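Numbering-wise (the numbering used here), the sequence shown opens with residue 20 and increments by one. Just so you know, even glycine gets a beta-carbon here, dropped at the ideal spot from N, CA and C. Remember, it's a predicted structure, so these values are computed and weren't measured experimentally. Below is one structure, written out as structure tokens; comments come after it.
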Amino acid sequence: MLPVIFIHGLIGSFADPRALAPLHPAPTLCPDLHGYGADARAEPGTITIDTQVEHLRAAIDQALPGGRVSLVGHSVGGVIAAAFAHRFPERTASLVSVEGNFSLADAFWSQQLAAKTAAEVEQIVQADRADPGRWLRAGGIEPTREHLRSATQDLAYQPASTIHAMARTVVEYTAGPAYQQLLRDVFERVPVHLVAGARSRAGWDVPAWALSAAASYTELPRTGHMVMLEAPEEFGALLAGLLAPASAGQVSTPE
Numbered sequence: 020m021l022p023v024i025f026i027h028g029l030i031g032s033f034a035d036p037r038a039l040a041p042l043h044p045a046p047t048l049c050p051d052l053h054g055y056g057a058d059a060r061a062e063p064g065t066i067t068i069d070t071q072v073e074h075l076r077a078a079i080d081q082a083l084p085g086g087r088v089s090l091v092g093h094s095v096g097g098v099i100a101a102a103f104a105h106r107f108p109e110r111t112a113s114l115v116s117v118e119g120n121f122s123l124a125d126a127f128w129s130q131q132l133a134a135k136t137a138a139e140v141e142q143i144v145q146a147d148r149a150d151p152g153r154w155l156r157a158g159g160i161e162p163t164r165e166h167l168r169s170a171t172q173d174l175a176y177q178p179a180s181t182i183h184a185m186a187r188t189v190v191e192y193t194a195g196p197a198y199q200q201l202l203r204d205v206f207e208r209v210p211v212h213l214v215a216g217a218r219s220r221a222g223w224d225v226p227a228w229a230l231s232a233a234a235s236y237t238e239l240p241r242t243g244h245m246v247m248l249e250a251p252e253e254f255g256a257l258l259a260g261l262l263a264p265a266s267a268g269q270v271s272t273p274e
């Protein structure tokens, strides 16, 4: 299996060892995007999809120079993954879009945050950090001890300024016809696997052409949008199957 690159979404990291373990011995990389984690002090005005693509390229080149990789992008990370695949097709062997944004219709949370002031977003983020259980329940997730631990880490992973900046750039990037053409180009060039949480699938605005062109489509049962938080082991096992050499063309709903 080729190296697997995890590209996180608007909130939280993708670096859960339980999701990575099923991919062993393939190399895995879960870089902090610009404005996140170790790079959380980044100036919000420098955070765009294009700068995220360049930041991702630099991280991949440093850790895994040369060769092709498989990309796994969640939500907003799916936008960045598609943009990377479009810009660097020679480096992209495949792409797994985990409810990656196709349009403003499924980037509704980014759209809501983008319309708010920086102070309003800060207030929302502080409220979520103060009550991660409420944040989990809003996503239909039971606030177990393990889920609360993951939620607390995810909510602390980035400042409100990064969330606001990312929301604004995602809205700008996905709003026009150029993004739709970019997606079509990517689907033509590389195998794209579509993965959704069964509970949140109805809110994912996947066009008919994408479902038809996808290498596979899978719904993970008993999960919502944050599949890696709810079911990291199952998610990792699913990825291991999808990225195996003979996985193309599957449509499934794991038991």
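Going by C-alpha to C-alpha distance, which of the options sits closest to residue i?
i, options, result
"residue 201", "108, 78, 34 and 33", "108"
"residue 215", "92, 80, 87 and 45", "92"
"residue 54", "33, 62 and 83", "62"
"residue 95", "103, 205 and 185", "185"
"residue 183", "232, 135 and 98", "135"
"residue 191", "129, 178 and 208", "129"
"residue 242", "70, 251 and 35", "251"
"residue 151", "131, 35, 72 and 31", "31"
"residue 188", "110, 72 and 105", "72"
"residue 27", "82, 117, 88 and 261", "117"
"residue 25", "156, 68, 89 and 193", "89"
"residue 174", "86, 161 and 155", "155"
"residue 145", "124, 172 and 179", "179"
"residue 87", "58, 38, 22 and 105", "22"
Is it buried or exposed for residue i, if we count other Cβ within 10 angstroms and need 16 for buried?
i, result
"residue 268", "Only weak support exists for where residue 268 lies, its pLDDT of 45 falling under 50; the coordinates are left without a value."
"residue 43", "exposed"
"residue 263", "exposed"
"residue 60", "exposed"
"residue 29", "buried"
"residue 65", "exposed"
"residue 33", "buried"
"residue 195", "exposed"
"residue 102", "buried"
"residue 77", "exposed"
"residue 170", "buried"
"residue 85", "exposed"
Name the DSSP beta bridge partners of residue i, please?
i, result
"residue 47", "23"
"residue 252", "Residue 252 is not bridged to any residue."
"residue 114", "90 and 211"
"residue 238", "215"
Whole angstroms is fine: what's the gap from residue i's alpha carbon to residue j's?
i, j, result
"residue 51", "residue 204", "27 angstroms"
"residue 258", "residue 245", "15 angstroms"
"residue 127", "residue 153", "20 angstroms"
"residue 56", "residue 248", "17 angstroms"
"residue 181", "residue 148", "15 angstroms"
"residue 198", "residue 98", "9 angstroms"
"residue 70", "residue 48", "19 angstroms"
"residue 138", "residue 132", "11 angstroms"
"residue 270", "residue 40", "Bear in mind that the predicted position of residue 270 carries a pLDDT of just 48, short of 50, making it unreliable; the figure below should be weighed with that in mind. When rounded, the distance between both Cα atoms is 24 angstroms."
"residue 46", "residue 120", "26 angstroms"
"residue 79", "residue 20", "16 angstroms"
"residue 140", "residue 225", "28 angstroms"
"residue 100", "residue 114", "7 angstroms"
"residue 266", "residue 142", "For residue 266, the pLDDT reaches just 44, beneath the cut-off of 50, and the residue's location in the model is therefore unreliable, although a value from the coordinates is still provided. C-alpha separation (whole angstroms): 44 angstroms."
"residue 104", "residue 75", "11 angstroms"
"residue 38", "residue 239", "14 angstroms"
"residue 261", "residue 237", "9 angstroms"
Exercise. Taking contact to mean at least 3 C-beta pairs separated by less than 8 angstroms, is the segment 211-225 in contact with the segment 162-175?
Worked result: With a cut-off of 8 angstroms, the segment 162-175 and the segment 211-225 do not count as touching, because too few Cβ pairs lie within range.
Problem set entry | Touching by the beta-carbon criterion (3+ pairs, under 8 angstroms), the segment 222-239 and the segment 205-213 | Verdict: yes, contact present.
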